Amino acid sequence: MREISTQTITETVKKLCIEANCHLTEDVKNCIRCKRDEEGWQGAKDILNRIIENFEIADKENQPVCQDTGVACVFLKIGQDVHVNGSITDAVNEGVRQGYGEGYLRKSVVRDPLDRVNTGDNTPAMIYYDLVEGDKMEITVAPKGFGSENMSKIAMLRPSDGVEGVRNFVLRAVEEAGPNPCPPIVVGVGVGGTFDKAAFLAKKALLRSLDERNEDPFYAKLEEELLEGINSLGIGPQGFGGRTTALAVNIEKFPTHIAGLPVAVNINCHVARHKSEVI
Amino acid sequence: MAIKKIVAPLSHEEAKKLRAGDSCLFSGVIYTARDAAHKRLCELVAKGEKLPIDVNESVIYFVGPTPAKPGQAIGSAGPTTSYRMDAYSPTLISLGQTGMIGKGKRGPEVVEAMKKHGAVYFGAIGGLGALLSKCIKKAEIVAYEDLGAEAIRRLEVEDFPVVVVIDSEGNNLYESGRKEYLDSLK
Ligand code: SF4
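Protein sequence lines, in the order shown, are assigned to chains P and E.
By this note's numbering, the letter at position 190 of the first sequence is numbered 191, and the numbering carries on one by one without gaps.
By this note's numbering, the letter at position 36 of the second sequence is numbered 246, and the numbering carries on one by one without gaps.
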């Protein structure tokens, strides 16, 4: 048993909330620069240049890249040989509270979806717990903006719909979202599992680096084909026309029931944020 | 294309001259409002009560900024998705609002009101919070402080970059821009 204090968890979450919101990861920055170089439509290129200018300012001034600093999605991979001297959930929420307060981040969480009173400290976080082997804990904070979250979709396809069904559903989701999720977007796709599992897989897909393809060659190819399909729609950065509608498509899959083919599309914007640390 | 300099408040006459696709730099006074503030404004209108801001010829920016750090006028301040304001915008446009700044599609009821009264929907680049905040020189809360990021703020802006997405004739850059790009590939 290795002891991890709730204080260490709180400190780490706090730091990750601030870092994730102010500094995009290198894979995202490189991908945007690369798409800018490849973009042949001048108006679209101009927008991508401003997006680059924006994340460079954010980097330099420790300023949130976007004002929607999101709901804090926190993914925990907890080693089975770890013991924590208190509530992990409370420790994470305290980290979010401190991070969003001291980091001058926006508080965007309401305590009840219908009465809509702001909690004032961006808690509670959306926490996902995963038990793994070992005596360490990996914490990932992924602030998620709702302009893109609102454009996400799920469908329970029939097995006979097959890969074509998946393809059409993803393209339709992006088409219907159009300019709303601040394109260029990152498209997380979850295939298989159950209704809820597919949605979780789609969210998890957004945590993967943009330059990494699915390790299964079939799905890696599907990711590339979907990206090409999306970037042929003509929506372009901000929806004003152009090639760069999406930066990447990341798919996660899981076994499913003989009767089903669940598919979920979780859309993220170019402010695709996540930061991890192992403690 | 030449960039047009425009001022806020925006007169109906100037608003009607703008065309979808025009790149503009806004200077002057604009107001912020998001979902919750729009709801309250429209509730006051329904009750026939006085509004906390002068809506006539006003430009409303759909934004909820991050808190300002010491020494800053405002924190990051890019646009939020506009369709959530579709239920409220026609009411404000009928009271004389001439400009909206946001991002994303608008519903037919908003476009109809814009055509009828002469208003313009501008887009700012979504996700440009850090950069756009540089064009905001002063910010003060004028109503609904309890709403935090959603309070109504009076902003003094200088050369704030926007593009006309839907003009007062209903022309739409999301449609024409995409078509122009796709046609160029043929
Ligand atoms: S969709 Fe993303 S870039 Fe756009 S406002 Fe929301 S968080 Fe910011």
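Ideal Cβ placement from N, Cα and C applies to all residues, glycine included.
As the structure is a computational prediction, the values presented were derived from the model and not from experiment.
Note down, in chain order, each residue of its chain lying with its Cβ closer than 6 Å to the Cβ of residue i, except the 5 sequence neighbours on either side.
i: residue 212/P; result: 28
i: residue 277/E; result: 285
i: residue 363/E; result: 242, 349, 351
i: residue 4/P; result: 84
i: residue 381/E; result: 230
i: residue 170/P; result: 156, 264
i: residue 394/E; result: none
i: residue 286/P; result: No answer is possible for residue 286/P: it lies beyond the span of chain P, which begins at 2 and ends at 280.
What in chain E is Cβ-close to residue i, meaning under 7 Å?
i: residue 70/P; result: 276
i: residue 43/P; result: Residues of chain E passing the Cβ test: none, with the nearest at roughly 10 Å.
i: residue 183/P; result: 313, 336, 337
i: residue 180/P; result: 313, 314, 315, 384
i: residue 1/P; result: With chain P represented from 2 up to 280, any question about residue 1/P goes unanswered, as that position is not in the structure.
Do residue j and residue i come within 7 Å of each other at the CB atom, strictly closer than that value?
i: residue 336/E; j: residue 183/P; result: yes
i: residue 180/P; j: residue 21/P; result: no
i: residue 331/E; j: residue 375/E; result: yes
i: residue 193/P; j: residue 254/P; result: yes
i: residue 247/P; j: residue 200/P; result: no
i: residue 323/E; j: residue 346/E; result: no
i: residue 121/P; j: residue 108/P; result: yes
i: residue 15/P; j: residue 99/P; result: yes
i: residue 342/E; j: residue 288/E; result: yes
i: residue 151/P; j: residue 203/P; result: no
i: residue 146/P; j: residue 19/P; result: no
i: residue 153/E; j: residue 59/P; result: Residue 153/E lies beyond the range of chain E shown here (211 to 396); nothing can be said about it.
i: residue 92/P; j: residue 238/P; result: no
i: residue 290/P; j: residue 75/P; result: For residue 290/P there is no data in the structure shown, the boundaries of chain P being 2 and 280.
i: residue 366/E; j: residue 265/E; result: no
i: residue 294/E; j: residue 245/E; result: yes
i: residue 229/P; j: residue 215/P; result: no
i: residue 174/P; j: residue 154/P; result: yes
Work out the CA separation of residue j and residue i for me, nearest whole Å.
i: residue 301/E; j: residue 252/E; result: 7 Å
i: residue 80/P; j: residue 232/P; result: 40 Å
i: residue 73/P; j: residue 6/P; result: 21 Å
i: residue 188/P; j: residue 223/E; result: 42 Å
i: residue 307/E; j: residue 383/E; result: 21 Å
i: residue 269/E; j: residue 263/E; result: 11 Å
i: residue 251/P; j: residue 185/P; result: 14 Å
i: residue 97/P; j: residue 47/P; result: 35 Å
i: residue 165/P; j: residue 275/P; result: 31 Å
i: residue 355/E; j: residue 361/E; result: 5 Å
i: residue 387/E; j: residue 217/P; result: 37 Å
i: residue 244/P; j: residue 314/E; result: 18 Å
i: residue 178/P; j: residue 305/E; result: 30 Å
i: residue 227/P; j: residue 168/P; result: 7 Å
i: residue 222/P; j: residue 319/E; result: 42 Å
i: residue 140/P; j: residue 392/E; result: 43 Å
i: residue 78/P; j: residue 220/E; result: 53 Å
i: residue 114/P; j: residue 130/P; result: 23 Å
i: residue 258/P; j: residue 172/P; result: 24 Å
So with CB distances below 7 Å, who are the chain P contacts of residue i?
i: residue 390/E; result: 242
i: residue 279/E; result: 105
i: residue 341/E; result: 51, 54, 55, 58
Quick one: which chain P residues come within Cβ less than 8 Å of residue i?
i: residue 331/E; result: Residues of chain P passing the Cβ test: none, with the nearest at roughly 12 Å.
i: residue 299/E; result: The premise fails here: residue 299/E is roughly 16 Å from chain P at the closest Cβ pair, so nothing lies under 8 Å.
i: residue 351/E; result: The contacting residues do not exist; residue 351/E stays about 15 Å from chain P at best.
i: residue 185/E; result: The requested residue 185/E does not occur in the structure, where chain E is confined to residues 211 to 396.
i: residue 258/E; result: Those within 8 Å of residue 258/E in chain P number zero; the least Cβ separation is about 25 Å.
Once you ignore the five residues that flank residue i on each side, which residues in its own chain have a CB closer than 7 Å to its CB?
i: residue 63/P; result: 23
i: residue 1/P; result: As displayed, chain P neither begins before 2 nor continues past 280, which places residue 1/P out of reach and without an answer.
i: residue 372/E; result: 234, 236, 311, 332, 333, 334
i: residue 368/E; result: 237, 345, 347
i: residue 36/P; result: 49, 185, 245, 248
i: residue 82/P; result: 2, 3, 135, 136
Which same chain residues, not among the five before or five after residue i, have their C-beta less than 8 Å away from its C-beta?
i: residue 228/E; result: 214, 216, 234, 330, 374, 377, 378
i: residue 260/E; result: 254
i: residue 225/E; result: 308, 309, 328, 329, 330, 378
i: residue 111/P; result: 117, 118, 119, 120
i: residue 247/E; result: 353, 354, 357, 360, 361, 362
I want to verify the contact list: residues of chain P whose CB lies under 9 Å from the CB of residue i, in sequence order.
i: residue 273/E; result: 68
Which residues in chain E have a C-beta closer than 8 Å to the C-beta of residue i? List them in chain order.
i: residue 151/P; result: 291
Would you check whether the ligand GTP has a heavy atom nearer than 6 Å to the C-beta of residue i?
i: residue 386/E; result: What this structure holds is the ligand SF4, not the ligand GTP.
Using a Cβ-Cβ cut-off of less than 8 Å, give me the residues of the segment 281–306 of chain E that come near chain P, in sequence order. 285, 286, 287, 288, 290, 291, 293
- Message: Under 9 Å, CB to CB, which of the residues in the segment 112–130 of chain P have a partner in chain E?
- Response: 117, 119, 121
Taking a Cβ distance cut-off of 7 Å, strictly less, list which residues of the segment 232–256 of chain P are near chain E, in chain order. 235, 236, 237, 239, 240, 241, 242, 243
Residues of the segment 48–76 of chain P in Cβ contact with chain E at a cutoff of 8 Å, in chain order, please. 48, 51, 52, 54, 55, 56, 58, 59, 62, 64, 65, 66, 67, 68, 69, 70
Review point. Relative to chain P, which residues along the segment 218–229 of chain E have a C-beta separation below 7 Å, given in chain order?
Key: none
- Could you list the residues in the segment 354–369 of chain E with a C-beta less than 7 Å from some C-beta on chain P, going in chain order? 358, 359
- Query: the segment 263–275 of chain P: which residues have C-beta closer than 8 Å to a C-beta of chain E, in chain order?
  - Reply: 270, 271, 272
**Prompt:** Listed from N- to C-terminal order along the chain, which residues in the segment 99–111 of chain P have their beta-carbon within a distance smaller than 8 Å of any beta-carbon of chain E?
**Reply:** 105, 106, 107, 108, 109
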